[in-house]
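Asks: Read top to bottom, the protein sequences are chains F and Z.
Sequential numbering of the first sequence, starting at 1, is according to the working numbering.
Sequential numbering of the second sequence, starting at 1001, is according to the working numbering.
Ideal Cβ positions, reconstructed from N, Cα and C, are used throughout, including at glycine.
Here the structure is a predicted model, which means the values were calculated and not measured.
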Amino acid sequence: MIAARRTFDALERGLEPLAMRHPSLALAGADALGRLRNRLSRRWPSPQQIGILFPHLDRRAAARVAWSLGALEARNRLLVACIERAGLEPVRPMVRTPPDAFAALRPPLVLGTFHVGAVQALGAVIERLPGPVLILRQGLLYEPCPPVEIASTEGDDQHRAASFRRALAHLDNGGFVVLALDVVQGAGLQVACLGRTLELARGPFALARLAGAPLVPIVARWRQGGVEAEAGEALAVDTTLGPAAWEGALAASAGGWLERYLLESPSELGLGLLRILLA
Amino acid sequence: MSASTTIEETVRDLLRSRAPLAQGRADLPDDLRLGAGGLGLDSISMVELLLDCERRFGIKATGLLEGAPLTVGRLAAHVREAVQG
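1. I want to know whether the segment 27-36 of chain F touches the segment 65-81 of chain F - three or more CB-CB distances under 8 Å.
2. Is the beta carbon of F/Arg260 less than 8 Å from the beta carbon of F/Ala118?
3. In chain order, what residues of the same chain have a beta carbon less than 7 Å from the beta carbon of Z/Val1083, not counting five sequence neighbours either side?
4. Output needed for F/Glu154: all residues of its chain with C-beta closer than 7 Å, excluding positions within five of it in sequence on either side, in chain order.
5. So, helix, strand or coil for F/Arg221, using DSSP?
6. Taking the alpha-carbon positions, what's the Z/Leu1050 to Z/Ala1077 distance?
7. Let me confirm a value: F/Gln190 is counted as buried when at least 16 other C-beta atoms fall within 10 Å, else exposed. Which label applies?
8. So, is the C-beta of Z/Ile1044 closer than 8 Å to a C-beta in chain F?
9. Name, please, each residue of chain F whose Cβ falls closer than 9 Å to the Cβ of Z/Gly1073.
10. Which of the three DSSP states, helix, strand or coil, is assigned to F/Arg64?
11. Suppose the cutoff is 7 Å on Cβ atoms and the five residues either side in sequence are ignored; what does the same chain contact list for F/Leu269 look like?
12. Please list, in chain order, all residues of the same chain as Z/Arg1025 whose beta carbon is under 8 Å from its beta carbon, the five residues on each side excluded.
13. How would you label F/Asp238, buried or exposed, when you count the other beta carbons within 10 angstroms and need 16 or more for buried?
14. Does the separation of the CB atoms of Z/Arg1018 and Z/Leu1028 fall below 8 Å?
15. May I have a chain-ordered list of the alpha helix (DSSP H) segments no shorter than 4 residues that lie completely inside the segment 52-123 of chain F?
16. What in chain F is Cβ-close to Z/Leu1070, meaning under 7 Å?
17. Return the Cβ separation of F/Val133 and F/Val91 in integer angstroms, given the expectation that the two are a contact with Cβ distance under 8 Å.
18. State yes or no: is the C-beta of Z/Val1072 within less than 8 Å of the C-beta of F/Phe164?
19. Among F/Pro204, F/Ala192, F/Ala3, which one has its Cα closest to the Cα of F/Leu171?
20. How would you list, in chain order, the residues of chain F whose beta-carbon sits under 7 Å from the beta-carbon of Z/Leu1065?
21. Under a Cβ-count criterion, where at least 16 other Cβ atoms within 10 Å of its own Cβ denotes burial, should F/Arg13 be classed as buried or exposed?
22. Compare the Cα-Cα distances from F/Gly272 to each of F/Glu233, F/Val184, F/Val95, F/Ala213 and report the closest residue.
23. Run through DSSP, which three-state label would F/Thr153 get?
24. For the alpha helix (DSSP H) that contains F/Val227, what are its first and last residues?
25. Expressed to the nearest angstrom, what Euclidean distance is found between the alpha-carbon atoms of F/Arg160 and F/Asn173?
26. At what residues does the alpha helix (DSSP H) containing F/Gly188 begin and finish?
27. Can you name the residues of chain Z whose CB is closer than 8 Å to the CB of F/Ala211?
28. Does the separation of the CB atoms of F/Ala4 and F/Leu15 fall below 8 Å?
29. Would you kindly work out how many angstroms separate the C-alpha atoms of F/Ala236 and F/Gly175, rounded to a whole number?
30. Can you tell which of F/Leu79, F/Ala279, F/Leu53 has the C-alpha that lies nearest to the C-alpha of F/Val227?
31. Taking the straight line between their C-alpha atoms, what separation do you get for F/Ala234 and F/Leu250?
32. Please confirm if F/Ala292 has its CB atom under 8 Å from at least one CB of chain Z.
33. Using a beta-carbon distance below 8 Å, is Z/Leu1041 in contact with chain F?
34. Can you list, in chain order, the residues of its chain whose CB lies under 7 Å from that of F/Ala66, leaving out five sequence neighbours each side?
35. Grab me the residues of F/Arg59's own chain with a C-beta within less than 8 Å of its C-beta, minus the 5 sequence neighbours each way, in chain order.
36. So which of F/Trp257, F/Leu40, F/Ala28, F/Arg85 has the shortest CA-CA distance to F/Thr7?
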């Protein structure tokens, strides 16, 4: 088992040089390796784990989803290695989202994402947003190009407060703020998703409330060797609610959006999110 | 009571309304931190407190979150100086 894992790890690492010159080809190789790895190991995820979250799938369909998630993880591992080496340069040509796809999105706007699909490719996608973008994320995976900026959310409460304040100012100045909803560093809000409880970060919802800005879900997915992005409708919430109830309702709406998205596309579920949902 | 004292007491009252650990405390010493190890305000509550100060006093409370840990005294002094010009 350990020898097989090491062999697959080595084969995946061997794709990294190829990915710098021919990313689509290398990613297709990673996809095949990840799929095979999952078929052989039947672990993380196993078809049974998929069945817990998607009980409407029969055994064969659950197995196919598990293989696809193995492929997704291998693609994403290779993509992260690529970005660490060369930034977003190799990713940009893979973005299939038309330049005017986000023309309807008007800042100030909070764009919330989840760890599904080609989440690490979102950096190249949001360069196409029609306005200045501030990404809040843990650490700096790559050096962004203006008008995209990144503020790290690492550090203590005061550091995170400084990033949060910067995001508020960015929205006040008519910008986009992009951040993950399912990475909880401080306070969290529990929502229902796929029959389980999922904790979402409170920050994005508080940010939308304090800025008076809509919150729109955005995700990226692999499609035919490229990356496509999808922005949902602004999440609806009863505006008469008090601050805490308003944030809770908006978070519940986000959980509902994620559930609908994953029921439609179970093969987009990231392994980290799957682990959280199964915990 | 001087204007300075009134401003600093109002800041402390805002703190009491935001920080559960500050409620009912008559003394909020200058060196008490707002975050961990002090009043335990999380990042969002810290920002909301600064927005409270901005609205209440008509000032800009920028730059306070960078650098040294934010304390009761630092916040109160910043507000007092901003108000008094």
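Replies: On the basis of the data shown:
1. yes
2. no
3. Ile1007, Phe1057, Ile1059
4. Gln138, Gly139
5. strand
6. 13 Å
7. exposed
8. yes
9. Chain F residues near Z/Gly1073: none, gap ~15 Å exceeds 9 Å.
10. helix
11. Leu69, Val116, Leu262
12. Arg1016
13. exposed
14. no
15. 59-86
16. Gln158
17. Not confirmed; about 16 Å, so no contact.
18. no
19. F/Pro204
20. Gln158, Ala161, Ala162, Arg165
21. exposed
22. F/Val184
23. coil
24. Unbroken run through F/Val227 is the beta strand (DSSP E), 226-231; no alpha helix (DSSP H).
25. 20 Å
26. Note, F/Gly188: premise wrong, no alpha helix (DSSP H); beta strand (DSSP E) at 188-193.
27. Residues of chain Z passing the Cβ test: none, with the nearest at roughly 11 Å.
28. no
29. 21 Å
30. F/Leu79
31. 10 Å
32. Within the shown structure, residues of chain F are numbered from 1 to 279, placing residue 292 of chain F beyond reach of any answer.
33. yes
34. Asn38, Pro45, Ser46, Pro47, Ile50
35. Pro47, Gly51
36. F/Leu40
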